[in-house]
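Chains A and B are the protein sequences, given in the same order.
Number 14 in the working numbering belongs to position 16 of the first sequence; there are no gaps in the numbering.
Number 83 in the working numbering belongs to position 85 of the second sequence; there are no gaps in the numbering.
The structure under discussion appears below in the form of structure tokens.
2 protein chains.
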Amino acid sequence: MTDMKQIARLAGVSVGTISHVLNDTAKVSERLRKRVLDVVQATEYQPNELARGLRRDRTNILAMMIPDIANPFFPGVVRGAEDVAFANGYRLVLCNSDNDHAKEVLYLNALRTYLPAGLIMIPSSFDDLSAHTQSYRSAGSAVVCIDRVPRNWEGSSVIVDNVDGVYRATSYLIGLGHRHLAAITGPLHLTSAQDRLKGFKLALRHGGLKTTGNYMQQTTFDTAGGYAKTKEILHLLPRPTAIMACNDMIAFGALLAIREENLRCPEDISLIGFDGLDLTEITTPKLSSVYQSTYEIGATAVQLAIDGALDRNCQPRQVVLKTVLKIRESVAPPRAEHVARTSRKRTR
Amino acid sequence: MTDMKQIARLAGVSVGTISHVLNDTAKVSERLRKRVLDVVQATEYQPNELARGLRRDRTNILAMMIPDIANPFFPGVVRGAEDVAFANGYRLVLCNSDNDHAKEVLYLNALRTYLPAGLIMIPSSFDDLSAHTQSYRSAGSAVVCIDRVPRNWEGSSVIVDNVDGVYRATSYLIGLGHRHLAAITGPLHLTSAQDRLKGFKLALRHGGLKTTGNYMQQTTFDTAGGYAKTKEILHLLPRPTAIMACNDMIAFGALLAIREENLRCPEDISLIGFDGLDLTEITTPKLSSVYQSTYEIGATAVQLAIDGALDRNCQPRQVVLKTVLKIRESVAPPRAEHVARTSRKRTR
DNA sequence: TTGTAGGCGTTATCAG
DNA sequence: CTGATAACGCCTACAA
């Protein structure tokens, strides 16, 4: 591999000068500058990133920790992140934590000595992360939390307005005439799941409806969870006429369960998911959902990380992205009989 | 950051000894060895990967180049890759090429100077890649191609038996009684798409059926492509009773088109996809598909890369994985009328 | 078995 | 403005 010494020899200058023109770190006469650049171009020379990183105490590597790339929510985040990383000359190291805090810590430790410019992570738990990320920050790496935020997090973060998103979706259902609404939430140790439930309760309250315990079920953020909980919910009396699923995977599971119970969506039961994955377009019926731009989350996070890496006294920023309620085929007003029965009950 | 010199001082030995016990590169007396290990443990010392890489002319970084992580086919591959990489102490740098050869080359050049131990890539085209990967190989990096293989590729590769997979699926449809089959293939400049078409034609031939030009449509590997081509195909006369979609995304698009034409799957038209994504479980009807383990592809590829990195004169290996035909709800025998009409025609 | 020292390819400091 | 040169942290002959 050609190195700076060879370039220096070919261009008839010292290595210092090479470095200076490459990094624009000192004024170099136009004459030498051009000579250097020509040789660089001709030889296709590229500086060794390891040597550079070693010397500078920092690489152009960005570490990205997510729970599991195989979960359809995360690829969009990673894609957004990778795009702005690439555009700025950074590389992305991908890590799957499986929401396992131990694995997360393992990874954090293993990556530190690559001297990454930044760390973007979806924390596996609500536990205080500061202890483990502190070493990153003191090493000058920017740390950005996305999607959910651990306890006492003071650093940068990018999340969406979960409360608001679910609030608007639920309110929409209520506006349609639904009076018996159920919610299936994700694991409540995650702030995102907590906030979505909060939005649901708030909407019910504002709609003058009561929140009932077993109409709100907690499960994992996947189809299996959604399927199982929907089965339970569909046997409740009175049967809810609408379900707010706190992510799309749960909603997909719900769709399966509804079909299996020989009920129809949206005629018998309305359903809204959360995330707005592309897949919501391929189900029957097409799933209504609270859309969030995973791409933008990832892209923004990397931007914050890069900003933070470039300027060490750059203040942490908390970005909250808006969601968009996308109504497709899975919602409808409740059947007349339900409305009737409900009102009868209420007047009793 | 604590470095070897400090460890050496604390343990009362030289830095050479530290390195020796850490890398097991020379016999060290049990006494000193333990003393070193204790200090390492106490200080949580971890060697700087950059310095190590610089010195050894190789890092524990694996570069992974795929078209687009947001496409549901690839996350599984990446997950498999990341798991075995992590298990062996390697890190994965993720690159999205967007099937753009220029971007691919850009990435290849940018990554080289990180001295990665290996390069795993889904090549963006059939073009000869050797020129650009040669520098990797001569730098001692193992290069593995997956999913599809460029012209004249002599290195390691991991693919599935595409011909066989489609052949079996198509034969299954023929066995069910279908006589008018259509195929929607991916871009035919990709070997995977070529091979799948090959399997389709072969099955028709063996089934005594003729292949007709406009019953075989080429498009992009996505729902939009599948949707558009299915629309065309459904207006062909006689209308095919079965469609072989050469990947699941195309099949999802087909499902949409079928529904929009007020036809029913599988009653009016049978459909089989390729890939066997998890999503095939959430469509209505559940999609039959030729399953391939994306996870295993990724995992195997990284294993080959690591083997190649560990032993430079390790011979390249070509791995061909088997597919599994998964029949779910989207296939059925053709309607009686079709069979009747068809036979009338054939006897004419 | 252990220690010493040179060098991996850069960057950055400091003379000139 | 340009050129030496000392680190950066580690590995590895080679010497002891």
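Glycine residues also receive a C-beta, built at the ideal position from the N, C-alpha and C atoms.
Residue i in three-state terms, based on DSSP
i: Phe272/B; result: strand
i: Ile256/B; result: helix
i: Ala240/A; result: strand
i: Lys324/A; result: strand
i: Gln375/B; result: With chain B represented from -1 up to 346, any question about residue 375/B goes unanswered, as that position is not in the structure.
i: Ser286/B; result: strand
i: Val300/B; result: helix
i: Val37/A; result: helix
i: Met(-1)/A; result: coil
i: Arg24/B; result: Arg is not the amino acid found at residue 24/B; the sequence shown has Ala there. Coil at Ala24/B, not helix or strand.
i: Leu207/B; result: coil
i: Glu186/B; result: In the sequence on display, residue 186/B carries Leu and not Glu. Correct three-state label for Leu186/B: coil.
i: Ala330/A; result: coil
i: Leu30/B; result: helix
i: Ile295/B; result: helix
i: Leu60/A; result: strand
Residues near residue i in its chain [Cβ-Cβ closer than 7 Å; skip 5 each side]
i: Ser199/A; result: A small fix is needed here, since residue 199/A is Lys in this sequence, not Ser. Within the same chain, Lys199/A has close Cβ partners Thr209.
i: Val300/B; result: Leu60, Ala79, Val82, Ala83 and Ile118
i: Leu323/A; result: Arg166, Ala167, Tyr170 and Val288
i: Gln39/B; result: none
i: Tyr293/A; result: Gly74, Arg77 and Gly78
Where residue i falls, given that 16 or more other Cβ within 10 Å makes a residue buried
i: Asn260/B; result: exposed
i: Ile325/B; result: exposed
i: Gln215/A; result: buried
i: Pro73/B; result: buried
i: Asn160/B; result: buried
i: Asp309/A; result: exposed
i: Ala85/B; result: exposed
i: Glu28/A; result: exposed
i: Gly87/A; result: exposed
i: Asp65/A; result: Correcting the residue identity first, residue 65/A is Pro in this sequence and not Asp. Buried, by the Cβ-count rule.
i: Thr57/B; result: buried
i: Asp126/B; result: exposed
i: Asn347/B; result: In the structure displayed, chain B extends from -1 to 346; residue 347/B sits before or after that span and is not available.
i: Asn94/B; result: buried
i: Arg89/B; result: buried
Segment limits, alpha helix (DSSP H) that includes residue i
i: Met2/A; result: Met2 to Ala9
i: Gln192/A; result: Thr189 to His204
i: Ile231/B; result: Thr221 to Leu232
Same chain, Cβ closer than 6 Å to residue i, five either side skipped, listed in chain order
i: Ala180/A; result: Tyr213, Ile231, Pro238 and Ile241
i: Gln316/A; result: Ser155
i: His99/A; result: Ser122 and Ser123
i: Asp331/A; result: The sequence shown places Pro at residue 331/A, rather than the Asp named in the question. If we look at Pro331/A and ignore the five residues flanking it on each side, its Cβ neighbours are Leu174 and Gly175.
i: Ala201/A; result: Tyr165, Thr168 and Ser169
i: Gly116/A; result: Leu60, Ser139, Ala140, Ala303 and Ala307
i: Val147/A; result: Ser155 and Thr189
i: Ala255/B; result: Tyr225, Thr228 and Lys229
i: Ala9/B; result: Arg33, Val34 and Val37
Extent of the continuous beta strand (DSSP E) to which residue i belongs
i: Leu179/B; result: Leu179 to Thr183
i: Ile67/B; result: Here Ile67/B belongs to no beta strand (DSSP E), and DSSP marks it neither H nor E.
i: Val19/A; result: Run containing Val19/A: none in the beta strand (DSSP E); it sits in the alpha helix (DSSP H), Val13 to Asn21.
i: Leu319/B; result: Gln316 to Leu319
i: Gln378/B; result: The question about residue 378/B has no answer here: the residues shown for chain B are numbered -1 through 346.
Sequence-distant residues of its chain with Cβ nearer than 8 Å to residue i (five each side left out)
i: Ser17/A; result: Met2 and Thr23
i: Val91/A; result: Ile59, Leu60, Ala61, Met62, Leu109, Tyr112 and Pro114
i: Glu152/A; result: Ser128 and Pro314
i: Val11/B; result: Leu30, Arg33 and Val34
i: Asn46/B; result: Met(-1) and Asp1
i: Arg339/B; result: Unreliable placement is indicated for Arg339/B, whose pLDDT of 47 sits below 50; the coordinate value is still reported in the next sentence. Result list for Arg339/B: Pro236, in chain order.
Could you pull out every unbroken beta strand (DSSP E) segment of at least 3 residues lying fully inside the stretch 83 to 171 of chain A, listed in chain order? 89 to 94, 116 to 119, 140 to 144 and 154 to 158
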